[in-house]
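Under this note's numbering, residue 1019 is the last one in the sequence shown; the count climbs by one each step, no gaps. Note that beta-carbon positions come from the ideal geometry of N, C-alpha and C, so glycine has one too. Source: prediction; values computed, not measured. Reviewing the structure listed below.
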Amino acid sequence: MEPLAWCRQRLLVKGNPLTASLPFAAPEHRDAILALRAVINEIASIPATVGERDVALARLDWWRGAFDQQPSHPAVRALAATPAARRLESHHFSELVDGVSLTLDSPRFEHRHLAWEYFTRVGAPAARLEARLLGGDTAECETVAIIGANTCLVRQVRDLAADARANRWLVPLDIQAEFQVSRQDAMQDKASAGFNGMVRQWLADGLRRTAHGLEPLDAEASWRQRHLLIQHALDRRLAVMIARRPQRILRVRVVPGQLGNAWTAWRTARRLRLTA
């Protein structure tokens, strides 16, 4: 199968936010973004798909060298074939691999800011890679990298119940104490008032940090990085859905509808275009 077709088959599927956001990226960048996202997805999925830690580390180590060799993986080949790929070097991907490797453990955090630092190390490299791919300078890449941290936080909250059943619990101690919540609350059939408050507060904290972090982005840079900002709008939509009914994450994996995602993507792209 042709490499780019392989990427489309893997990612442009029902339920993936990329199907809503990608059409609003610049036409000349869509293939590069798709290929990069395929690479990121392949790396990020290793901890969840590989049961043994040593095997997962070996696979992550393989990806560290994948960009210095003759590309063999279809996602790497697809990315290498795009003109924008020349802006990325192998060491740029090492940060991504390092961040993903952190998810092999189950860290404990005393305070929310320590959890946010973790989400930044895990999620920011992916956003930074895309910003660099689209020609952003160092300051611009650092500014929009916060989007990746918030993406990581939102998905962590969405998967609280599944993680709790797997004996993985990343909720910081300070927010647990504030709302009198423990891992057991995420394993119940009905959400307590404290659990609902904790979920809403944690999501609001991430959105607040991200909004503040994106303030330095001017209109020109915002339009250039519109795909990342659209993805952030989709993350914000998911966060609002979870916060409206935290009870749902105890039973199901919340996935926003495609029609609503498409509307959110269009509205965000239109707003950015009008201010560019």
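In terms of Cβ geometry, residue 868 and residue 832 do not form a close pair [threshold 7 Å].
Shown here for residue 780: same chain residues with a beta carbon closer than 7 Å to its own, the five before and five after excluded, namely 754 and 761 in chain order. The DSSP-derived three-state label of residue 815 is coil.
Judged by DSSP in its simplified three-state form, residue 1001 adopts helix. Nearest to residue 763 by alpha-carbon distance, out of 899, 1009 and 784, is 1009. Short of 6 Å from the beta carbon of residue 817, and not among the five residues preceding or following it, lie these beta carbons of its own chain, in chain order: 746 and 749. Only buried fits residue 974, as 16 or more other CB atoms lie within 10 angstroms of its CB. In the three-state scheme derived from DSSP, where H, G and I count as helix and E and B as strand, residue 854 is classed as coil. Exclusion of the five residues before and after residue 773 leaves 765 as the residues of its chain whose Cβ lies within less than 7 Å of its Cβ. Under the three-state reduction of DSSP, residue 848 is assigned to coil, being neither helix nor strand. Here DSSP, grouped into helix, strand and coil, assigns residue 932 to coil.
The alpha-carbon separation between residue 991 and residue 945 amounts to approximately 16 Å. The closest CA to that of residue 972, considering only 984, 956, 986 and 987, is found on 956.
Cβ contact annotation for residue 980 (same chain, cutoff 8 Å, sequence separation greater than five): 999, 1003, 1004 and 1007, in chain order.
Within the segment 950-1000, the alpha helix (DSSP H) runs of at least 4 residues that lie entirely inside it are, in chain order, 962-967 and 969-987. In the structure shown, the three-state DSSP call for residue 921 is helix. The C-alpha of residue 775 lies about 9 Å from the C-alpha of residue 873. Contact check for residue 789 against residue 901 fails: the beta carbons are separated by 7 Å or more. Secondary structure note for residue 905: its alpha helix (DSSP H) is the uninterrupted segment 903-908. Taking one beta carbon from each stretch, the segment 889-908 and the segment 792-800 have fewer than 3 pairs nearer than 8 Å; the two do not touch.
The segment 902-913 makes contact with the segment 849-860, as at least three CB pairs between them are under 8 Å. With contacts defined by Cβ atoms closer than 7 Å, residue 965 and residue 1015 form a contacting pair.
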